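Asker: This is the structure, below, for whatever I ask next.
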Amino acid sequence: MTDALAPIRRRFGPEDLEPLLAANGIDRTVLVQTRSSLDETREFLATAAGHDFIAGVVGWVDLTADVAKQIAALHAGSGGKKLVGIRHQVHDEADPEWLGKKDVRRGIAAVGKAGLAYDILVRARELPAALALVKAIPDMRFVIDHIAKPPIASGATSEWAAGLKPLAAFPNVFIKLSGMVTEADWKRWTVRDITPYVQRVLEWFGPERCLFGSDWPVCLVAASYARVIDACGQAIGDLPVDERERIFGGNAAVLYRLPVLATADGRS
683 MTDALAPIRR
693 RFGPEDLEPL
703 LAANGIDRTV
713 LVQTRSSLDE
723 TREFLATAAG
733 HDFIAGVVGW
743 VDLTADVAKQ
753 IAALHAGSGG
763 KKLVGIRHQV
773 HDEADPEWLG
783 KKDVRRGIAA
793 VGKAGLAYDI
803 LVRARELPAA
813 LALVKAIPDM
823 RFVIDHIAKP
833 PIASGATSEW
843 AAGLKPLAAF
853 PNVFIKLSGM
863 VTEADWKRWT
873 VRDITPYVQR
883 VLEWFGPERC
893 LFGSDWPVCL
903 VAASYARVID
913 ACGQAIGDLP
923 VDERERIFGG
933 NAAVLYRLPV
943 LATADGRS
């Protein structure tokens with residue numbers, strides 16, 4: 683955690699996020715893993731159990747071990763019912779074909795059999811392996827995190843586009859409009875910098891499979907929670923209200939199978 687990461691070099695908890703949700707009209711959020719740690723996942727699930735605004739947790743398991751056993755243990759613990767997905771920092775693996783390893787593939791298939799989604803956290807380098815994974819396991823839900831981290835600051839995005847577009851052909855693959863401000867110039871980015879990427883992803887995947895992600899608190903190195911929401915809202919352009927609502931909530935509920943909230947008048 684270098685000086686450049688000073689804005690996030692501290693503890694963050696529910697007490698930090700809850701006021702931001704209220705101020706920005708956000709009903710619920712999904713808490714996503716940051717480390718390859720079962721202990722962190724247990725902690726996140728326990729935290730979710732104590733806070734209704736945390737609708738679900740995307741945790742971590744060792745995909746090369748007995749995944750079914752690990753997930754069963756997490757389900758049995760505090761907040762276990764809020765486990766909605768699994769993620770691993772694939773872009774940190776030395777092998778760009780890590781997703782193609784037999785034991786990893788077997789582990790991800792077990793995630794699907796447990797009824798959970800799998801978050802694909804990759805950069806352009808790993809997109810071919812992600813495509814092969816999706817082809818191999820067509821009957822589970824996937825979501826590509828952070829629109830696969832295009833190098834927005836440099837603009838060298840041809841490899842990213844070539845690798846990402848084919849994934850849109852699979853209807854079980856969603857994509858998160860997230861993590862973009864941290865791939866741009868942290869100090870000087872504007873909505874114009876991220877809009878071309880959002881528009882391409884919308885064209886490829888359609889508004890029915892795109893979902894907003896704040897990437898809070900990591901986003902704080904480049905933008906506030908409110909600014910990230912506003913930037914995504916501007917970048918998606920003039921969409922019908924129902925499509926905007928899907929991007930800012932409905933699609934996440936479908937992807938992660940979140941329980942539907944009833945409104946004040948009894949509707950859901």
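For the sequence shown, the numbering used here gives the first residue as 683, with consecutive numbering after it.
Backbone N, C-alpha and C define an ideal beta-carbon position, used for all residues, glycine too.
What you are looking at is a predicted structure, and each value in this text was computed from that prediction instead of being measured.
#1: Leaving out five residues on either side along the sequence, give the residues of the same chain with a beta carbon under 6 Å from the beta carbon of D897.
#2: How is the alpha helix (DSSP H) around G845 delimited, first residue to last?
#3: Could you check whether A799 and Y938 sit closer than 9 Å to each other, using their CB atoms as the reference points?
#4: If you draw a straight line from the C-alpha of V749 to the C-alpha of A791, how long is it?
#5: Determine the closest residue to P922 out of A934, G888, L813, with distance taken between C-alpha atoms.
#6: DSSP three-state call for F856: helix, strand or coil?
#7: The beta strand (DSSP E) with F894 in it runs from where to where?
#8: For I690, count neighbouring C-beta atoms within 10 Å of its own C-beta (all shown protein chains included) and say buried if the count is 16 or more, exposed if not.
#9: Quick test of the definition: if touching needs 3 or more C-beta pairs under 8 Å, does the segment 813-822 touch the segment 873-885?
#10: Alpha carbon to alpha carbon, what distance is there between T877 and A917?
#11: Given A731, which residues of its chain have a CB within under 8 Å of its CB, disregarding the five upstream and five downstream residues?
#12: What does a CB cutoff of less than 6 Å around N933 pick up in its chain, not counting 5 residues either side in sequence?
#13: From what residue to what residue does the alpha helix (DSSP H) around V786 run?
#14: Using 10 angstroms around the beta-carbon of A838, count the other beta-carbons present and answer buried if the total reaches 16, otherwise exposed.
#15: Around the Cβ of R949, are there at least 16 other Cβ atoms within 10 angstroms (buried) or fewer (exposed)?
#16: So is T945 buried or exposed if we call it buried at 16+ other beta carbons inside 10 Å?
#17: Check this for me: beta carbons of V739 and T723, under 9 Å apart or not?
#18: For V825, which residues in the same chain have their Cβ closer than 8 Å to its Cβ, ignoring the five residues on either side in sequence?
#19: Could you name the residues of the same chain whose beta carbon sits closer than 8 Å to that of I736, not counting the 5 residues immediately before and after it, in chain order?
#20: By Cβ distance below 8 Å, which residues in the same chain neighbour G794 in space, the five residues on each side in sequence not counted?
#21: For a test of the three-state rule: what should DSSP assign to Q715, helix, strand or coil?
#22: Report the residue from G789, V873, G931 whose alpha carbon sits nearest the alpha carbon of G919.
#23: Which whole-angstrom value is the C-beta distance of N952 and A908, which I expect to be below 8 Å?
#24: Considering only the alpha carbon of each residue, which of L809, E808, P778, W742 lies closest to G789?
Answerer: The answer reads as follows:
#1: S860, G861
#2: 840-846
#3: yes
#4: 9 Å
#5: G888
#6: strand
#7: 892-894
#8: exposed
#9: no
#10: 5 Å
#11: S760, G761, K764
#12: L893
#13: 784-795
#14: exposed
#15: With a pLDDT of 37 at R949, under the threshold of 50, the modelled position of this residue cannot be trusted; read the value that follows with caution. Exposed.
#16: Confidence at T945 is low in this model, with a pLDDT of 46, below 50, so the placement of that residue is unreliable and no value is reported for it.
#17: yes
#18: G767, A799, Y800, D801, I802, V855, F856, I857, K858, L893, L937
#19: P696, R710, T711, V712, L713, T729, A730, K764
#20: Y800, I819, D821, M822, R823
#21: coil
#22: V873
#23: Any question about residue 952 goes unanswered here, given that the chain covers just 683 to 950.
#24: W742
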